[in-house]
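Visitor: Going by full-length UniProt numbering, 105 is the number at position 105 of the sequence shown; the sequence numbering is gapless.
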Amino acid sequence: MIVAGIGCRKGATAQEIDAAIEAALAETGQTRAALTSLATSDGKGSEPGLVDAAAACGLELILIKPAALEAAGPRTQSFSPRVKEMFDVPSVAEAAALAAAGPDSTLFGPRTIVGSVTCAIAGTAPKT
1 MIVAGIGCRK
11 GATAQEIDAA
21 IEAALAETGQ
31 TRAALTSLAT
41 SDGKGSEPGL
51 VDAAAACGLE
61 LILIKPAALE
71 AAGPRTQSFS
81 PRVKEMFDVP
91 SVAEAAALAA
101 AGPDSTLFGP
111 RTIVGSVTCA
121 IAGTAPKT
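(1) Using only alpha-carbon positions, find the residue among Ser46, Val117, Glu85, Leu63 that is nearest to Leu98.
(2) Who are the Cβ neighbours of Thr31 in its own chain at under 8 angstroms, not counting the five residues just before and after it?
(3) Quick check on Gly123: does DSSP put it in helix, strand or coil?
(4) Thinking just about the alpha-carbon of each residue, which of Gly11, Ala39, Met86 is nearest to the one in Ala120?
(5) Tell me the DSSP secondary structure of Gly49 in three-state form.
(6) Under 8 angstroms between the Cβ atoms of Ala122 and Thr112?
(7) For Ala71, which residues from the same chain have a beta carbon less than 8 angstroms from its beta carbon, with the 5 sequence-adjacent residues on both sides left out?
(8) Buried or exposed for Ala93, please, with buried defined as at least 16 other CB atoms from any protein chain shown within 10 angstroms of its CB.
(9) Which residue or residues does DSSP assign as beta-bridge partners of Ile62?
(10) In the DSSP assignment, the beta strand (DSSP E) including Ala4 goes from what residue to what residue?
(11) Less than 8 angstroms between C-beta atoms, sequence neighbours within five positions excluded: which residues of the same chain meet that for Ala56?
(12) Going straight from the alpha carbon of Thr128 to that of Leu61, what length do you get?
(13) Using CA atoms only, rank isn't needed, just tell me which of Leu59, Gly58, Leu35, Pro66 is closest to Gly43.
In structure tokens:
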């Protein structure tokens with residue numbers, strides 16, 4: 001399972017979100033074909049750009065509740081004072097990716113920032 005966690009400002013377009021996903025995948029050496037879903041804070045679930053980006057990628061958009069974001073917070077690699085104040089987590093993108101990918105997941109690198117969108121890639125190793 002490989003999840004792209006997304007954090008963005010209100011009004012971010014699907015194209016901006018897609019650019020951040022591409023940049024994060026390139027930074028972490030992952031491919032778009034490996035992605036299983038997108039994840040974000042449940043407060044962003046009605047953002048047209050996120051909904052459209054998930055649909056364009058053919059991926060489920062997983063909405064993470066605040067408690068699950070907070071539980072994943074200690075496993076993040078980045079810290080944004082603004083995000084911490086607003087959401088009580090160091091990075092929405094990283095926490096969302098980790099929460100959606102499961103308790104045994106890890107980040108493949110810190111979040112990638114492209115304009116007003118952040119993207120983090122997290123996943124679990126396949127079971128052998």
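From the three backbone atoms N, C-alpha and C, an ideal C-beta is built for every residue, glycine too.
Guide: Quick answer:
(1) Taking the first residue of the sequence shown as 1, we reach residue 98 at position 98. That would be Leu63, whose Cα lies nearest to the Cα of Leu98.
(2) If you number the sequence shown from 1, residue 31 lands on position 31. For Thr31, where only same-chain residues beyond five positions count, the Cβ hits under 8 angstroms are Leu25.
(3) The residue you call residue 123 lines up with position 123 of the sequence shown. Correct three-state label for Gly123: strand.
(4) The count along the sequence shown starts at 1 and reaches residue 120 at position 120. Here the closest residue by C-alpha is Ala39.
(5) Numbered from 1 along the sequence shown, position 49 holds the residue referred to as residue 49. Three-state result, Gly49: helix.
(6) In the sequence shown, the residue the question calls residue 122 occupies position 122. In the sequence shown, the residue the question calls residue 112 occupies position 112. No, Cβ-Cβ distance for Ala122 and Thr112 is not below 8 angstroms.
(7) Taking the first residue of the sequence shown as 1, we reach residue 71 at position 71. Ala99.
(8) In the sequence shown, residue 93 corresponds to position 93, counting from 1. Classification of Ala93: buried, given that the 10 Å Cβ count is 16 or more.
(9) Position 62 of the sequence shown, counted from the start, is the residue given in the question as residue 62. DSSP output for Ile62 lists Ala39 as bridge partner(s).
(10) Residue 4 sits at position 4 when you count from the first residue of the sequence shown. First-last of the beta strand (DSSP E) with Ala4: 2-8.
(11) Here residue 56 is taken as the residue at index 56 of the sequence shown, counted from 1. Contacts found: Ala14, Asp18.
(12) In the sequence shown, counting from the first residue as 1, residue 128 sits at position 128. In the sequence shown, counting from the first residue as 1, residue 61 sits at position 61. Because the pLDDT at Thr128 is just 49, under 50, the model does not fix this residue reliably, and the value given afterwards should be weighed accordingly. Answer to the nearest angstrom: the Cα atoms are 27 angstroms apart.
(13) Sequence index remark: in the sequence shown, residue 43 carries index 43 (1-based). Of the listed residues, the one whose Cα sits closest to Gly43 is Pro66.
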